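Asks: Each residue of the sequence shown is one higher than the one before, starting from 45 at the first, in our numbering.
Quick reminder that beta carbons are idealized off the backbone N, C-alpha and C, glycines included.
Keep in mind that this is a model prediction, so the values were computed, not measured.
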Amino acid sequence: MKILIVGPSWVGDMVMAQTLFQCLKQRHPQCEIDVLAPEWSRPILERMPEVRAALSFPLGHGVLDLATRRKIGKSLVGQYDQAILLPNSLKSALVPFFAGIAKRTGWRGEFRYGLLNDVRKLDKPRYPLMIERFMALAYEPGAELPQPYPRPRLQIDPASREAALGKFELTLDRPVLALCPGAEFGESKRWPSEHYAKVAEAKIREGWQVWLFGSKNDHAVGEDIRQRLIPGLREEAVNLSGETSLAEAIDLLSCADSVVSNDSGLMHVAAALNRPLVAVYGSTSPGFTPPLADQVEIVRLGLECSPCFERTCRFGHYNCLRQLLPAPVNEALQRLQGVPVEVQ
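#1: Can you list, in chain order, the residues of its chain with a C-beta nearer than 6 Å to that of glutamate 292? Leave out the 5 residues immediately preceding and following it.
#2: In or out: alanine 337 buried (at least 16 other Cβ within 10 Å) or exposed?
#3: How about leucine 48 and alanine 98: are their beta carbons less than 8 Å apart?
#4: Inspect the beta-carbon positions of leucine 321 and leucine 284 and report whether they are closer than 8 Å.
#5: Across which residues does DSSP place arginine 164 in a beta bridge pair?
#6: Which residue or residues does DSSP assign as beta-bridge partners of isoleucine 77?
#7: Does any C-beta atom of chain B lie closer than 8 Å to the C-beta of phenylalanine 178?
#8: How would you call leucine 166, buried or exposed, if buried means at least 16 neighbouring beta carbons within 10 angstroms?
#9: Measuring straight from C-alpha to C-alpha, what distance separates valine 282 and arginine 91?
#10: To which residues of the same chain is isoleucine 145 closer than 8 Å at the C-beta, ignoring the five residues directly before and after it?
#11: Compare the C-alpha of valine 107 against each of Phe359, Leu134, Glu228, Arg86 and name the closest.
#12: CB-CB under 7 Å to valine 373, same chain, minus the five flanking residues each way: which ones, in chain order?
#13: Starting from valine 282, trace the beta strand (DSSP E) both ways and give me its first and last residue.
#14: Identify whether isoleucine 274 lies in helix, strand or coil by the three-state DSSP scheme.
#15: If we count the other Cβ atoms within 10 Å of its Cβ and call it buried at 16 or more, is lysine 233 buried or exposed?
#16: Please check the pair leucine 80 and valine 139, which I expect to be a contact at CB under 8 Å, by giving their CB distance rounded to whole angstroms.
#17: If we count the other Cβ atoms within 10 Å of its Cβ and call it buried at 16 or more, is cysteine 35 buried or exposed?
#18: Taking the alpha-carbon of serine 100 as reference, which of Ile116, Glu94, Pro82 has the nearest alpha-carbon?
#19: Using a Cβ-Cβ cut-off of 7 Å (strictly less than) and excluding sequence neighbours within five positions of phenylalanine 229, which residues of its own chain qualify?
#20: For glutamate 341, list the residues DSSP reports as bridge partners.
#21: Taking all protein chains shown into account, decide if glutamate 94 is buried (16 or more other Cβ within 10 angstroms of its Cβ) or exposed.
#22: What's the C-alpha gap between arginine 86 and glutamate 375?
#23: Please report the straight-line C-alpha distance between alanine 137 and arginine 170, rounded to a whole angstrom.
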């Protein structure tokens, strides 16, 4: 059985999609799973043993380009027995339709009747978690999901990790605190730089080193955090934001003894690497897409106005994050340190 997955467009969602792949392998051990997704997701998919191949999808988020979708679909004719769509958009259903895949499965949305022939109606109260909504597509409608739920687990190649350490001249002679201060979603997910700097300072004074991760858009935030550290401590923090590829970031994150992250894609990567993780929430909630790891501490204030799930604060104060001081994060890190950590 050959299955084509039309993958999501966000890092965190792609990580969580591994729960679907695991369920498919449990049901059909001999099935072959290919994932059609943006090229940036290849380093994630290559670290999922359930995935046979990552198929690069060249169109950006929201781009229709019917001719290109038709061309991709026609190139896949006769190759798959089933397609499973994780996005709910009409556009995401076009390639499997043009490919003539016999069974095309997905949740009802955006008038996809005809494009899909295995249309599911989502019962949100029954499946409150995103991973449940992904996993349910591996089973017949109404089927009970098996417990316990599988968790995303990215596999790291030791040689690849050593190459990344060498490239950036990093050593593991001291414990590593990884900080992930960015969030592509918007300002309402970003814990302030001054708070991250206080957490970094505390760990450096304990003998740790600090690695900062993120995209090019997060480089300035990483530098702001470093510059808030006094000389002598600042040198113990390395800003890798925008310097690493996603593949290198994943490999280096696997070395972390603890991680502090906003609600972001890298938070889910850290969880899938099973790193001890402190997840800082402001405008969003762990109730839909919680980090799935063995050692997780959720830190949030739970103000009356949150979660609002908006990109910018409607009141302009961002108090759900600004009033969340470093102390509870430091305390969460101390609790996590009680469990020995092995680099996997």
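Replies: In brief:
#1: Only Ala208 meet the Cβ criterion.
#2: Buried, because 16 or more other Cβ atoms sit within 10 Å of the Cβ of alanine 337.
#3: Not in contact: leucine 48 and alanine 98 (Cβ atoms no closer than 8 Å).
#4: Contact: no.
#5: Answer is Trp151, bridged to arginine 164.
#6: As DSSP reads the structure, isoleucine 77 sits in a beta bridge with Ile47, Val95.
#7: Note that chain B does not occur in the displayed structure, where there is just one protein chain.
#8: Exposed is the call here.
#9: The alpha-carbon of valine 282 is positioned some 25 Å away from that of arginine 91.
#10: These residues qualify, in order along the chain: Leu48, Leu120, Tyr124, Asp125, Gln126, Ala127.
#11: When each option's Cα is compared against that of valine 107, the closest is Leu134.
#12: Around valine 373: Val243, Val304, Val322, Val324, Val343.
#13: Where valine 282 is concerned, the enclosing beta strand (DSSP E) stretches over 281-283.
#14: Isoleucine 274 falls in the coil class under three-state DSSP.
#15: Lysine 233 counts as buried, since no fewer than 16 other beta carbons sit within 10 angstroms of its beta carbon.
#16: Confirmed, Cβ separation roughly 6 Å.
#17: Outside the modelled stretch of the chain, which goes from 45 to 388, sits residue 35, for which no answer is possible.
#18: Taking serine 100 as reference, the option from Ile116, Glu94, Pro82 with the minimal CA-CA separation is Pro82.
#19: Within the same chain, phenylalanine 229 has close Cβ partners Arg355.
#20: The partner list for glutamate 341 (beta bridge, DSSP) reads Val322.
#21: Buried, by the Cβ-count rule.
#22: Roughly 36 Å separates the two Cα atoms.
#23: When only Cα atoms are considered, alanine 137 and arginine 170 end up about 24 Å apart.
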